[in-house]
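Residue numbers (the working numbering), protein chains in the order written: chain A, 313 to 475; chain B, 119 to 423.
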Amino acid sequence: MSGRNASNGLMLLTLALGFALTLMPLPTTLEPARPYWVAMILIYWNLETGRLRLLGQAFVIGLILDFLTGTLLGQHALGLLILVFLLERFRNRIRFFPPWQQAAAVFALLLNERIVQLWIILLGGHGWPVWTWWLAPVVAMLLWPWLFLLLDSMRRRQRLLRS
Amino acid sequence: MNIPGNAYSSASASDLAGRTARLMMYGLLAVVLMTLDFRGRHVERVRAGVIGLAEPVFLAIESPFRLVASLRANVRDYQGLLAERDQLERSLRESEARLLLVDELVDENAELRGLLDASDQLDSRFLTAELRNIDLNPYSHRVFINRGTRHGVRSGLAVIESAGVVGQVDQVAARSATVILISDPDHALPVRVKRTGLRTIGYGSGRIDELRLTDLPMNVDLEPGDLLVTSGLGGRFPAGLPVAEIVEVRRPAGEAFAVAQAQPLARLGSIRHLLVIELEAPGPLPGLMPVDEPEPVVEPVEDEA
């Protein structure tokens with residue numbers, strides 16, 4: 313019971329770190345290519361521990377992101393919603409992919425998320441984003457194996473501490 | 119999907135149907151929220167409440183970056199500081215010299231206004247502000263500053279930087295506020311063309327380096343390079359602040375109006391130091407004249423006629 317709580321604590325901590333990384337200042341030229349940290353962390357916990365699988369959880373996390381970043385309320389929520397839905401459909405396969413293939417799956421999911429975002433941005437009359445905006449899923453793909461290893465080792469260390 | 123096993127696939131099929139239904143429901147909810155946010159004021163009120171809650175989060179996220187910045191400031195070398203001090207002193211001297219001229223102009227202006235019996239010039243106070251180290255979504259066209267109600271910031275105050283107009287204060291929390299940039303598609307700024315005196319409105323385009331002037335007459339006297347300044351109409355911005363420079367004027371065939379593109383003078387993408395202008399109006403704000411107030415000059419003329 314307490315182990316589950318501790319693990320929940322770790323999950324919330326990493327999510328909070330994800331929010332912080334989302335708001336972290338970057339140079340203007342790099343800013344559009346910022347990887348979607350929260351989505352990556354969510355995908356990790358979904359695949360590895362089977363938590364954060366509910367659509368409602370994705371929706372709430374998206375709403376928090378909308379409030380923090382000042383986007384249209386529901387923009388990130390819709391993106392994460394669709395992402396978690398797709399992830400659930402292919403979850404059993406993606407889980408057992410080798411890391412590079414998993415990274416490719418993450419790339420596909422995040423690219424799809426970008427397309428949803430693009431749709432909303434264009435409907436809102438903001439015009440086409442700069443081309444570096446499309447680099448974000450690529451950056452996420454390159455970072456994925458390292459993020460995966462990092463989170464895995466954090467989880468393992470915590471499990472060792474508990475026992 | 120290619121899931122083997124009959125019982126398993128039927129169970130997962132009903133599961134899938136439930137999930138799809140929930141996806142639709144949440145998706146609809148998200149779309150409704152976005153629509154409300156895009157058009158309505160209801161969500162605005164929720165947001166204004168939430169910014170108070172979110173402020174500690176922002177401060178917490180910012181603190182490590184502020185620490186790094188202060189550490190870096192501490193280890194800066196002596197020579198560099200001296201050079202910077204010299205440069206600042208020079209620029210201060212220049213500014214002071216220029217201010218002397220301005221002082222004289224202010225006196226002259228007051229005299230002229232006295233002769234014309236015009237209303238008093240607005241007295242404005244400046245409040246320096248700095249951008250918080252928080253990156254909001256680049257599509258929100260908002261920046262986060264480190265002044266709030268504590269310092270007397272109110273929603274609607276004009277925000278400028280040394281090069282030109284930046285925007286106006288949108289939401290205010292205790293120690294911080296968001297500023298909506300003039301490039302936001304929802305923002306409209308009353309401007310005047312400095313060369314010709316033509317008054318029009320500059321709309322945000324959604325791009326950080328572009329303002330749009332729509333509804334211009336086809337025969338408008340406007341050329342690339344013309345400077346746009348605030349017209350002071352609307353009462354939010356003091357008149358005469360530099361805003362943007364015309365880049366392109368187009369007169370599309372078959373359209374009723376000419377359109378122009380302008381580039382904001384303020385470096386909206388890379389600003390750090392800002393000034394919040396607090397207008398202290400000696401009476402009601404200009405431009406917000408109550409409708410029921412009769413025009414004192416017009417009526418006697420009508421009586422005589």
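For glycine and all other residues, C-beta sits at the position ideal for the given N, C-alpha and C.
- Query: Can A:F371 and A:L395 be called in contact, C-beta distance under 7 Å?
  - Reply: Translated into the one-based positions of the first sequence, residue 371 of chain A becomes position 59. Translated into the one-based positions of the first sequence, residue 395 of chain A becomes position 83. Taking 7 Å as the Cβ cut-off, A:F371 and A:L395 do not qualify as a contacting pair.
- At which residue ranges does the stretch 437-474 of chain A contain complete alpha helix (DSSP H) runs of 4 or more residues, listed in the order of the chain? 447-474
- Taking Cβ to Cβ, would you say B:G266 is nearer than 7 Å to B:V290? The residue labelled residue 266 of chain B in the question sits at position 148 within the second sequence. The residue labelled residue 290 of chain B in the question sits at position 172 within the second sequence. The answer is yes: Cβ separation under 7 Å.
- Message: I want to verify the contact list: residues of chain B whose CB lies under 7 Å from the CB of A:E400, in sequence order.
- Response: By 1-based counting over the first sequence, the position of residue 400 of chain A is 88. Here the neighbours are R137.
- Message: Any beta carbon from chain A within less than 7 Å of B:V290's own beta carbon?
- Response: What you label residue 290 of chain B is simply residue 172 of the second sequence in a count that begins at 1. Chain A, which has no Cβ nearer than 7 Å to the Cβ of B:V290, makes this no.
- Task: Report whether the distance from the Cβ of B:R190 to the nearest heavy atom of the ligand MG is below 6 Å.
- Result: For the ligand MG, the structure offers nothing, since it holds no ligand at all.
- Spatial distance of A:A318 from B:A172 (CA atoms): What you label residue 318 of chain A is simply residue 6 of the first sequence in a count that begins at 1. What you label residue 172 of chain B is simply residue 54 of the second sequence in a count that begins at 1. C-alpha separation (whole angstroms): 25 Å.
- For B:P303, which residues in chain A fall below 7 Å Cβ to Cβ? Indexing the second sequence from 1 puts residue 303 of chain B at position 185. The contacting residues are G437, H438.
- Nearest-angstrom Cα distance between B:R243 and B:G350? Here residue 243 of chain B refers to the residue found at position 125 when the second sequence is read from its first residue. Here residue 350 of chain B refers to the residue found at position 232 when the second sequence is read from its first residue. Near 16 Å, if we compare the C-alpha coordinates of B:G350 and B:R243.
- B:G285 burial status per 10 Å Cβ neighbour count (16 or more: buried): Position 167 of the second sequence, counting from 1, holds the residue named residue 285 of chain B. It is buried - the Cβ of B:G285 has at least 16 other Cβ atoms within 10 Å.
- Message: Just checking: is the beta-carbon of B:D133 within a distance shorter than 7 Å of some beta-carbon in chain A?
- Response: What you label residue 133 of chain B is simply residue 15 of the second sequence in a count that begins at 1. B:D133 does not count as touching chain A.
- Using a beta-carbon distance below 7 Å, is A:A332 in contact with chain B? Mapped onto the first sequence, residue 332 of chain A falls at position 20. Closer than 7 Å to the CB of A:A332 there is at least one CB belonging to chain B.
- Message: Going by DSSP in three states, B:G136 sits in which element: helix, strand or coil?
- Response: Translated into positions along the second sequence, residue 136 of chain B becomes position 18. Reduced to three states, the DSSP call for B:G136 is helix.
- Query: Touching or not, the stretch 431-439 of chain A and the stretch 458-475 of chain A, by the rule of three or more beta carbon pairs under 8 Å?
  - Reply: no
- Give me whichever residues DSSP pairs with B:R260 in a beta bridge. Counted from its first residue, the second sequence places residue 260 of chain B at position 142. Paired residue(s): B:I298.
- In this structure, does DSSP put A:T326 in helix, strand or coil? In the first sequence, the residue the question calls residue 326 of chain A occupies position 14. Reduced to three states, the DSSP call for A:T326 is helix.
- State whether the stretch 368-387 of chain A contacts the stretch 411-424 of chain A, with contact taken as three or more CB pairs (one from each stretch) at a distance under 8 Å. With the cut-off at 8 Å, the stretch 368-387 of chain A and the stretch 411-424 of chain A do not touch.
- Message: 7 Å is my cut-off, CB to CB: does A:L455 come that close to chain B?
- Response: What you label residue 455 of chain A is simply residue 143 of the first sequence in a count that begins at 1. Judged by the 7 Å Cβ criterion, A:L455 is not in contact with chain B.
- Task: Quick one: give me the first and last residue of the beta strand (DSSP E) that B:L331 is part of.
- Result: Numbered from 1 along the second sequence, position 213 holds the residue referred to as residue 331 of chain B. Looking at the DSSP string, the run of the beta strand (DSSP E) that includes B:L331 is 329-334.
- Task: May I ask you to list the residues that DSSP assigns as paired with B:Q379?
- Result: Translated into positions along the second sequence, residue 379 of chain B becomes position 261. Paired residues: B:R330, B:E366.
- Tell me, please, whether the CB atom of A:P449 is closer than 7 Å to any CB atom in chain B? One-based indexing of the first sequence puts residue 449 of chain A at position 137. Contact with chain B is absent for A:P449, since none of that chain's Cβ atoms lies less than 7 Å from the residue's Cβ.
- Item | Cross-chain neighbours of A:P337 in chain B, by beta carbon under 8 Å | Numbered from its first residue, the first sequence carries residue 337 of chain A at position 25. By Cβ distance, chain B contributes F183, N251, I252, D253.
- Task: Provide the residue span of the beta strand (DSSP E) that contains B:R268, from first to last.
- Result: Stepping through the second sequence from its first residue, residue 268 of chain B is reached at position 150. Neither: B:R268 is in no beta strand (DSSP E) and is coded neither H nor E.
- Task: Could you list which residues in chain B have their beta carbon closer than 7 Å to that of A:Q387, in chain order?
- Result: As a working note, residue 387 of chain A is residue 75 in the first sequence. The contacting residues are M152.
- Task: Compare the Cα-Cα distances from B:L345 to each of B:P335, B:T318, B:G353 and report the closest residue.
- Result: Start at 1 with the first residue of the second sequence, and residue 345 of chain B comes out as number 227. Of the candidates B:P335, B:T318, B:G353, the residue whose Cα lies closest to the Cα of B:L345 is B:T318.
- Message: Pull the bridge partners of B:G427 from the DSSP assignment, please.
- Response: The structure shown has nothing for residue 427 of chain B, since chain B only spans 119 to 423.
- Bridge-paired residues (DSSP) for B:I395: One-based indexing of the second sequence puts residue 395 of chain B at position 277. Paired residue(s): B:F244, B:A276.
- What residue does the alpha helix (DSSP H) around B:D288 start on, and which one ends it? As a first step, residue 288 of chain B is located in the second sequence; it is residue number 170 there, counting from the start. Here B:D288 belongs to no alpha helix (DSSP H); instead the beta strand (DSSP E) covers 283-290.
- Where do the N-terminal and C-terminal ends of the beta strand (DSSP E) with B:R354 fall, by residue? Your numbering for residue 354 of chain B matches position 236 in the second sequence. Taken as a continuous stretch (DSSP letters only), B:R354 belongs to no beta strand (DSSP E), as it is neither H nor E.
- Query: For B:M336, does the count of other Cβ atoms within 10 angstroms reach 16, so buried, or fall short, so exposed?
  - Reply: Sequence index remark: in the second sequence, residue 336 of chain B carries index 218 (1-based). So B:M336 ends up on the exposed side.
- Message: Using the Cβ count rule (16 or more neighbours within 10 Å means buried), how would you classify A:L384?
- Response: As a first step, residue 384 of chain A must be located in the first sequence, where it is residue number 72. Buried.
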